[in-house]
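> For the sequence shown, position 325 matches number 325 in full-length UniProt numbering, and the numbering has no gaps at all.
Submitted below is the structure of interest, expressed as structure tokens.
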Amino acid sequence: MTVHEDQTADSEGPAADDVLVVDGLSRRFGDLMAVDEVSFRIAPGETYGLLGPNGAGKTTTISMVAGLIRADAGTVRVAGQPMSPSHPQPKRHIGLVPQDLAIYPELSARENLVFFGRLQGMGGADLKGRVQEVLDLIGLADRAKDKSKNFSGGMKRRLNIGIGLLHEPHLLILDEPTVGVDPQSRNSILESVERLSTAGMAVLYTTHYMEEAERLCDRIGIIDTGRIQAEGTRDELIRLTGGVDQIRLAGTGDLPQAIESLRQLSAVEQVDHDGLALRLTVHDAPTAVAEIVTRATGAGMSLADVEITRPDLESVFLQLTGKALRD
């Protein structure tokens, strides 16, 4: 877990088998510092999210990671090899899925996959088998023969992802893959991404949707104005900014005695009486709730409902940057 802006928490250094290691990456466009000393790493089977608003530096960062543009400073290593526009070898380990669709509309889903597979040096029975695997993974097996120009926006996005993972890269880079798609297609895309990390593929995922980062990412780097403001797991980021949970206990009985008993628990910071409910400010509600319920009922409270509310990444982003995620 790391906080930037002159604050650093202890964190492990890069492991020998990390698929991606980014160290001090910077890029300037004229007077604009688009990416400013960005560092992070991704292990095999891990999904790492770059979470930030449009213009935060996410696309510029992944363009340097993929060797599409040169960094002004810093280094990128993919599968142990240095990456830059002049070093094509590491690019074989990368599958890049850009925001803009990279498919041929007059070709079918299968034909698109076969074409891009051949560009990767694949062929024969291996390519045929892999194409079918990918069609199944992205949920387009039943539309394999249809021209992609007739697909919905979500289906085109899924085909775009399929092309990126066709050659089984060590690292799959997804740049805002759900922008502009309907909720059903968006959920299908997210399900496909979830399956990738379980297969051991490292995934770099950029998004400005907080709920996507929470759902998909093992670790998250919150990026704004070209800098990673903090990184860690969801729970680490929330603890980092002092986020606490709320538990609401609704019921009847001896509420004053329940309040007195609950205040003695180490996990409970505060207890407020709200009509026929108690509102508790607690640390790590999922762990503490069982003891809280036992203590409340033991003190004479008859519970009708228990509700847990936890801080989210939106509140973390607001606290770190002083603005809402979608500003």
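All C-beta atoms, glycine included, are put in the ideal place defined by N, C-alpha and C.
1. By the 10 Å Cβ neighbour count, where 16 or more other Cβ atoms means buried, how is Lys156 classified, buried or exposed?
2. Let me know if Ala66 comes out buried or exposed under the rule of 16 or more other beta-carbons within 10 Å of its beta-carbon.
3. Using the beta-carbon count (16 or more within 10 Å), is Thr321 buried or exposed?
4. What is the rounded straight-line gap between the Cα of Phe317 and the Cα of Ile222?
5. Beta carbon of Ile42, beta carbon of Val76: below 8 Å?
6. Who are the near neighbours of Arg310 in its chain, counting only those whose CB is closer than 6 Å to its CB and skipping five residues on each side?
7. Mind checking whether Asp254 and Met301 have CB atoms under 8 Å apart?
8. What is the rounded straight-line gap between the Cα of Asp305 and the Cα of Ala277?
9. Between Val78, Gln99, Lys149, which lies nearest to Asn112 when the distance is taken from Cα to Cα?
10. Report the option in Ser185, Asn54, Val203 whose CA atom is closest to the CA atom of Pro169.
11. Look at the Cβ atom of Ile103, then the Cβ atom of Asn54, and state whether they are nearer than 8 Å.
12. By the 10 Å Cβ neighbour count, where 16 or more other Cβ atoms means buried, how is Ala296 classified, buried or exposed?
13. Look at the alpha carbon of Asp10 and the alpha carbon of Arg263, and state the distance between them as a whole number of angstroms.
14. Quick check: the region 94-108 against the region 165-181, are at least 3 beta-carbon pairs closer than 8 Å?
15. Taking the alpha-carbon of Leu127 as reference, which of Asp136, Leu135, Gly117 has the nearest alpha-carbon?
16. Is Met155 helix, strand or coil by DSSP?
17. Using 8 Å as the threshold, is the C-beta distance between Ile189 and Arg215 below it?
18. Between which two residues does the alpha helix (DSSP H) containing Tyr295 stretch?
19. Can you tell me whether His87 is buried or exposed? The criterion is at least 16 other CB atoms within 10 Å of its CB, across all chains shown.
20. Among the residues of its own chain, which have a CB less than 6 Å from the CB of Met268, if the five just before and after it don't count?
21. Between which two residues does the alpha helix (DSSP H) harbouring Ile138 extend?
22. In the structure shown, what three-state DSSP assignment does Ile103 receive?
23. Beta strand (DSSP E) containing Leu280: first to last residue?
24. Buried or exposed: where does Leu313 fall if 16 or more other Cβ atoms within 10 Å of its Cβ makes it buried?
25. Quick one: grab the DSSP three-state call for Arg215.
26. Take Val114 and list the residues in its own chain whose beta-carbon comes closer than 7 Å to its own, dropping the five residues that flank it on each side.
27. Here's a check: name, in chain order, each residue in its chain whose Cβ is nearer than 6 Å to the Cβ of Thr252, leaving out the five neighbours to either side.
28. Would you grab the beta carbon distance between Leu119 and Lys147 for me? Rounded to a whole angstrom, and I think it's under 8 Å.
29. Please confirm whether Thr294 and Leu50 have their CB atoms less than 8 Å apart.
30. Which residue or residues does DSSP assign as beta-bridge partners of Leu82?
31. What distance in whole Å lies between the Cβ atoms of Gly95 and Gly164, which are believed to be in contact at a cut-off of 8 Å?
32. If you check the beta carbons only, do Asp23 and Gly80 fall under 8 Å apart?
33. Using a Cβ-Cβ cut-off of 6 Å (strictly less than) and excluding sequence neighbours within five positions of Arg28, which residues of its own chain qualify?
34. Please classify Gly226 as buried or exposed, where buried requires at least 16 other C-beta atoms within 10 Å of its C-beta.
Short version:
1. Classification for Lys156: buried.
2. Only buried fits Ala66, as 16 or more other CB atoms lie within 10 angstroms of its CB.
3. So Thr321 counts as buried.
4. Rounded to whole angstroms, Phe317 to Ile222 spans 7 Å at the Cα level.
5. No, these two residues do not count as a Cβ contact at 8 Å.
6. Asp245, listed in sequence order.
7. Contact flag set, yes.
8. The straight-line gap separating the alpha-carbon atoms of Asp305 and Ala277 is approximately 9 Å.
9. Of the candidates Val78, Gln99, Lys149, the one whose C-alpha sits nearest the C-alpha of Asn112 is Lys149.
10. For Pro169, the closest C-alpha among the options Ser185, Asn54, Val203 is that of Val203.
11. Taking a C-beta distance under 8 Å as the contact criterion, Ile103 and Asn54 do not qualify as a contact pair.
12. Using a 10 angstroms sphere on the CB of Ala296, the tally of other CB atoms reaches 16 or more, which defines it as buried.
13. Here the model assigns Asp10 a pLDDT of 40, short of 50, so the residue's position is not dependable and the matter cannot be decided.
14. In this structure the region 165-181 lies against the region 94-108, because at least three pairs of beta carbons, one per stretch, are closer than 8 Å.
15. The candidate whose alpha carbon is nearest that of Leu127 is Gly117.
16. If DSSP states are grouped into helix, strand and coil, Met155 belongs with the helices.
17. Taking 8 Å as the cut-off, the beta carbon of Ile189 is found no closer than this to the beta carbon of Arg215.
18. Note on residue identity: the sequence assigns Arg, not Tyr, to residue 295. It spans 285-298 - the alpha helix (DSSP H) in which Arg295 sits, taken as one unbroken run.
19. With fewer than 16 Cβ atoms within 10 Å of its Cβ, His87 is classed as exposed.
20. First, the amino acid is wrong: residue 268 is Val here, not Met. The residues are Leu262, Leu280, Val282.
21. Neither: Ile138 is in no alpha helix (DSSP H) and is coded neither H nor E.
22. Look at Ile103 here: in three-state DSSP terms it is coil, with no helix or strand label.
23. 277-282 is the span of the beta strand (DSSP E), which, as asked, contains Leu280.
24. Counting the other Cβ atoms within 10 Å of the Cβ of Leu313 gives 16 or more, which makes it buried.
25. In the three-state reduction of the DSSP assignment, Arg215 falls in the helix class, which pools H, G and I.
26. Closer than 7 Å at Cβ, skipping near neighbours: Leu127, Val131.
27. Correct list, in chain order: Ser302.
28. Between Lys147 and Leu119 the Cβ distance is about 20 Å, and since that is not below 8 Å, they are no contact.
29. Note that the C-beta distance between Thr294 and Leu50 is not below 8 Å.
30. The sequence given here has Pro at residue 82, not Leu. Answer by DSSP bridge pairing, in chain order: Arg77.
31. Confirmed, about 4 Å.
32. Not in contact: Asp23 and Gly80 (Cβ atoms no closer than 8 Å).
33. Closer than 6 Å at Cβ, skipping near neighbours: Asp72.
34. Here Gly226 is buried. Its C-beta has 16 or more other C-beta atoms within 10 Å.
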